[in-house]
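In this note's numbering, each number is its position in the sequence shown, counted from 1, plus 737. Only one structure is covered here, and it is reproduced in the block below.
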Amino acid sequence: MQERYIEFSEIGDARGSLVSLEEMKNIPFRIKRVYYIYDTDTQLPRGFHAHKDLQQVLICVSGSCKVILDNGNIRSEYVLDKPNKGLFVDKTIWREMYDFSKDCVLMVLASELYSEDDYLRNYEEFKTYLKDNIIEKNYFKHEKSIVETRNIGSNTKIWAYTHVFPGAEIGENCNINDHTLIENDVVIGNNVTIKSGVHIWDGARIGNNVFIGPSVVFTNDLNPRSKVYPSKFAQIVIEDFASIGANSTIVAGNKIGKHAMIGAGAVLTKDVPPYTLWYGNPATFKGFVCTCGKKLNERKFCESCGKDLSTVID
Ligand code: T46
């Protein structure tokens, strides 16, 4: 599972905007079906089911609506309100759509053809299906770790003294080192490395191929008081291929763009655009960074690996 929102690049000029959707690129599966929902009664919610195998991306190409996603343990609300924002809904996730605006056109890209057999239309049936089918896959769990979730992808390794809560979702081929804590409302993608001593709190969304160095600190409440809980924890979003250096602090509510690099010991208080390098306390922009991790020169060319990113970076 990966961060559920997908932001599509807008190709814009004086004539307006254009978004291009491509299978296995910005849509993470082969597209076999497209359908759309419109002229909805604004008061009538839809959905109330999960799918056994279907993966989908939902996009409000006009208007807006809200979506609840529920993995059997945690329910989270998502808002779809622009045509360049998608919501990835993986298999075995319960969904409910509501608060449709009058002009809402909800377009759905689907990985499979329509099949009523793939639906789990009753919540109890959905929970039983999870219990019976989403069993421990081919991942490694150290005998001294506590792993309560069933949502862990194959080849992931979870090392000693780590505690993963029941609602967490962890993708394939991740390496989660000793003394790590992963709370319930946390989604971690594939090929993620989490070094020792990292605590990931409710609200974190971590993409694919992210590196989180030892003792990185995340926060999820800007005004913490003992025994006082916010109605919703501030989300931290880390996009694909970003790296966070050892002992950095990532303050609640911030987003780290794809391929960005946060230097060791940084205290990050702002959103970080893709391909940028930040460090210091408070962390500030220090330049652009290559996919290989080295700093780019002023022409956005990497003297280390030879990549020219001048057309990729705004
Ligand atoms: C989902 C959300 C976002 C078809 O014949 N072909 C189709 O491709 C689809 C999607 C539906 N149907 C039939 C099945 C029902 O008799 O259309 C009727 C309405 O479908 P449903 O009640 O499932 O609609 P929603 O809005 O509750 O859910 C739909 C999708 O079914 C579902 O997969 O994720 O949109």
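The C-beta atom is built at its ideal place from N, Cα and C for all residues, glycine as well.
query: Nearest neighbour of K803, chosen from K762, G934, F837 and F785 [CA to CA]; result: F837
query: Span separating the alpha-carbon of T917 from that of L758; result: 36 Å
query: Straight-line gap, K1023 to I981 (C-alpha atoms, nearest Å); result: 15 Å
query: Contact under 8 Å by Cβ, R832 with G753; result: no
query: Where the alpha helix (DSSP H) containing F1038 begins and where it ends; result: No alpha helix (DSSP H) contains F1038, which DSSP labels as neither H nor E.
query: Same chain only: Cβ atoms within 6 Å of Y800, ignoring 5 sequence neighbours per side; result: Note that residue 800 is Gly in the sequence shown, not Tyr. Counting only Cβ-Cβ distances below 6 Å, and skipping sequence neighbours, we find S838, D840 and C841.
query: V845 Cβ short of 7 Å to ligand 1 heavy atom set; result: yes
query: Cutoff 6 Å; reference N927; Cβ partners in own chain excluding five residues on either side; result: G908, E909, N910 and N945
query: Whole runs of the beta strand (DSSP E) within the stretch 910-990, excluding any shorter than 3 residues; result: 941-943 and 973-975
query: Beta carbon of S1047 nearer than 8 Å to that of K1031; result: no
query: Which listed residue (V794, T893 and G890) has its alpha carbon closest to that of K769; result: V794
query: Closer than 7 Å: Y772 CB and nearest ligand 1 heavy atom; result: yes
query: Cα-Cα separation between F1025 and Y851, rounded to whole angstroms; result: 45 Å
query: Given 8 Å, three or more beta-carbon pairs between the stretch 972-990 and the stretch 1003-1022; result: yes
query: Coarse secondary structure for F863, derived from DSSP in three states; result: helix
query: Contact check, S963 vs P951, beta carbons under 8 Å; result: no
query: C-alpha gap between F877 and A1020, whole angstroms; result: 36 Å
query: For N870, three-class secondary structure by DSSP; result: helix
query: Q792 Cβ short of 7 Å to ligand 1 heavy atom set; result: no
query: Any non-hydrogen atom of ligand 1 closer than 7 Å to L1110 Cβ; result: Residue 1110 lies beyond the residue range present for the chain, which begins at 738 and ends at 1051; the question has no answer from this structure.
query: CA-to-CA distance, E747 to L847, given in whole angstroms; result: A quick correction: the sequence has Ala, not Leu, at residue 847. Each residue's alpha carbon lies about 22 Å from the other.
query: Whether N921 touches A905 by CB criterion (8 Å); result: yes
query: Under the three-state DSSP convention, the category E853 falls into; result: helix
query: Candidates H996, H936, A787 and E1035: closest to F978 by CA position; result: H996
query: Below-8 Å beta-carbon distance, F837 vs any chain D residue; result: Absence of chain D from the displayed structure is noted, only one protein chain being present.
query: Buried or exposed (CB count within 10 angstroms, at least 16 for buried), E976; result: buried
query: Rounded C-alpha distance that separates I774 from M844; result: 6 Å
query: Beta carbon of G940 nearer than 8 Å to that of N912; result: no
query: Nearest-angstrom beta carbon gap, I830 and A787 [assumed within contact, 8 Å]; result: 6 Å
query: Check: L795 C-beta below 7 Å from any heavy atom of ligand 1; result: yes
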